[in-house]
Amino acid sequence: MKIYDELTGAELTAPDESAGYLYAGQRVVKHVAETTEIMAGTVTADCPQGLRRIIPAHDVYEDCQYYHAYTEEELAERDKPTLQEQVDANAAAILELAQMLAGGE
Numbered sequence: 002m003k004i005y006d007e008l009t010g011a012e013l014t015a016p017d018e019s020a021g022y023l024y025a026g027q028r029v030v031k032h033v034a035e036t037t038e039i040m041a042g043t044v045t046a047d048c049p050q051g052l053r054r055i056i057p058a059h060d061v062y063e064d065c066q067y068y069h070a071y072t073e074e075e076l077a078e079r080d081k082p083t084l085q086e087q088v089d090a091n092a093a094a095i096l097e098l099a100q101m102l103a104g105g106e
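Residue numbering for the sequence shown follows the working numbering, starting at 2 and increasing by one per position.
Quick look at the structure:
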C-alpha cells in the first residue's frame, strides 16, 4: 500500500513513525468521463441501435495511507505525564510529607 504525505501529497517510501503517524485513506487516481454503452441483448432487427445506458462520470480511488508529522504542540502533549503518572507522583509526595510531619524518615 502506498504512503503519502498528508500536506504535500508526495509519495513516501520510509516515513519516520517516531516523528509522526500513519492513518488510512483513499486517493483519487483517475477521473472517468461520462460514457454510454449498448446494453447486451438489446440489438434487434426492430432496434438496430440497441438500448443505450449512460454511465455517469466518476472517480476511481485507491486505498492508501497518509503520514501525519507531529506538530510541536502534539509533541509537547505526547511528552506530558499521564493522569496515572500524576496521581502516583502526588501520592508519593503526600506520603513523604506525612512522614516528615510525623517525625519519621
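The beta-carbon is built from N, C-alpha and C at its ideal position, and this holds for glycine as well.
Predicted model, so just to flag it, every value in this text is computed and none were measured.
>> Let me make sure I understand the geometry here. Which of R54, A77, A34 has the alpha-carbon closest to that of V61?
In response: A34
> Q27 and C65 look like a contact to me (Cβ under 8 Å); what is the Cβ gap, rounded to whole Å?
Replying inline: Taking a contact as a CB-CB distance under 8 Å, the pair Q27 and C65 counts as one, their CB atoms being some 7 Å apart.
> Looking at the structure shown, is A15 part of a helix, part of a strand, or coil, going by DSSP?
Replying inline: coil
> In this structure, does DSSP put V88 in helix, strand or coil?
Replying inline: helix
> If you count every other CB in all the chains shown that lies within 10 Å of the CB of Y67, and 16 or more means buried, which is it?
Replying inline: Buried, because 16 or more other Cβ atoms sit within 10 Å of the Cβ of Y67.
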